[in-house]
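Chemist: Let me begin by handing over the structure; questions about it come next.
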Amino acid sequence: MEDEPRPGRPVTTCGDANISKVLISLSDDRRKTCQEISTETSMSKTSVFRVLTNKLNKKKFSKWVPHLLTDEQKESRVNFSRNFLRRFQTEQNDFLGRIITGDETWVFSWDPETKRYSAEWRDFDEPRPEKVRRKQGALKVMHMIFFDMNGVILRWHVPISTTINAQYYKKVLQEKLRPAIRNKRPGLLESGILFHHDNAPVHTARAVTDVLAGYKWELLEHPRYSPDLAP
1 MEDEPRPGRP
11 VTTCGDANIS
21 KVLISLSDDR
31 RKTCQEISTE
41 TSMSKTSVFR
51 VLTNKLNKKK
61 FSKWVPHLLT
71 DEQKESRVNF
81 SRNFLRRFQT
91 EQNDFLGRII
101 TGDETWVFSW
111 DPETKRYSAE
121 WRDFDEPRPE
131 KVRRKQGALK
141 VMHMIFFDMN
151 GVILRWHVPI
161 STTINAQYYK
171 KVLQEKLRPA
181 IRNKRPGLLE
191 SGILFHHDNA
201 PVHTARAVTD
211 VLAGYKWELL
221 EHPRYSPDLA
231 P
């Protein structure tokens, strides 16, 4: 089927002149709203939106990132990734199988009772029982989790009111993680561990690095502000 020619007012809102107006307005500030561009170009808001989306193929969005990295930090990310890939190409799964990584995380309590669970049988003339929406509780617990490509090796619950400093982290490595590796991954200690954690002050303290050096665990480099590059 084809449309036959018909009389009527031609569509001019998306003409070259209006497209140029929108482009000029947008070149000054990409954060402008359709309403602001409409006021500046004397076009309707709908026409501005049509030009932006249909003719210019524009899409308005933003992205939250933890940090805006400097050029030096970006270069560090590239170098780390290249070294990591180069080493994987040489050692294959033997390289990945020796990596143990870990971090600390807060675990929050939640009210588990649902609205249906808290319902009560009552007479029609009795008021309904009130139920507060499910929300995060006041209790929170710190967990330290270490794992490799085969799964979790150690999940350690830090006692409440305990401060994780270099001495405490060192104690966990010595008294918890190392025995857990020996029990769950026999032979890994002898083959050589590639240990990975982020650049938190607790992890980079002299007491911790001395322990890792004494165990002859190779410490994998981790670029700053790069959780997406954690192996």
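According to the numbering used here, the stretch in the sequence shown is residues 1 to 231, in order.
Where is the CB? At the ideal position from N, CA and C, for every residue including glycine.
(1) If you draw a straight line from the alpha carbon of Asp29 to that of Leu212, how long is it in whole angstroms?
(2) With burial defined as no fewer than 16 other Cβ atoms inside 10 Å of the residue's Cβ, what is the status of His67: buried or exposed?
(3) Looking at the secondary structure, which residues open and close the alpha helix (DSSP H) in which Arg86 lies?
(4) What do you reckon, are the CB atoms on Cys34 and Lys21 nearer than 8 Å?
(5) Considering only C-alpha positions, which residue in the set Lys170, Val107, Ile153 and Ser38 is nearest to Leu139?
(6) Taking buried to mean at least 16 other C-beta atoms within 10 Å of its own C-beta, is Leu85 buried or exposed?
(7) Hey, out of His157, Asn93, Arg178 and Gln167, whose CA is closest to Asn150's CA?
(8) Can a CB atom of chain C be found closer than 8 Å to the CB of Arg182?
(9) Per DSSP, which residues does Arg155 bridge with? Please list them.
Modeler: Walking through what the data contain:
(1) 51 Å
(2) exposed
(3) Asp71 to Glu91
(4) no
(5) Answer by Cα proximity: Val107.
(6) exposed
(7) Asn93
(8) Judged by its chain identifiers, the structure shown contains no chain C, having just a single protein chain.
(9) Ile145
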